[in-house]
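Quick notes on the structure that follows.
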Amino acid sequence: VVECAYVEGDGQYARFFSQPLLLGKNGVEERKSIGTLSAFEQSALEGMLDTLKKDIALGEEFVNK
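Note that the sequence shown covers residues -4 to 60 in the numbering used here.
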C-alpha cells in the first residue's frame, strides 16, 4: 500500500516533507520520490520552501526548549 505522509526525509526539499511511503506488514518499507512535477507544481514547490523550512525550524526550536 502506498500512502502519503509528512515525514522526516532525505532532505531533498526540506528536512520534513510529505511524500509517498510504501507500507508493509511491518510499517514503512520504502520512502518514494514525489515524482516528476509539472511547471506549475515546481513553481508552487519553490514558492513554499522558505516558509516550510522556517516553520520546521520554529517547531524544532519549540520542542527543544
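Using N, Cα and C, we set each Cβ at its ideal position, and we do this for glycine too.
These numbers were taken from a predicted model, which means no experiment stands behind them.
Q. From residue 25 to residue 38, what does the alpha carbon distance come to, in whole angstroms?
A. 27 Å
Q. How should residue 35 be labelled, buried or exposed, when 16 other C-beta atoms within 10 angstroms of its C-beta is the threshold for buried?
A. exposed
**Q.** Residues that DSSP places opposite residue 1 in a beta bridge
**A.** 13
Q) To which residues of the same chain is residue -3 closer than 8 Å at the C-beta, ignoring the five residues directly before and after it? A) 15, 16, 17, 18, 27
Q. Taking just the CA atoms, how far does residue 33 sit from residue 55?
A. 31 Å
Q.
Please report the straight-line C-alpha distance between residue 8 and residue 44, rounded to a whole angstrom.
A. 7 Å
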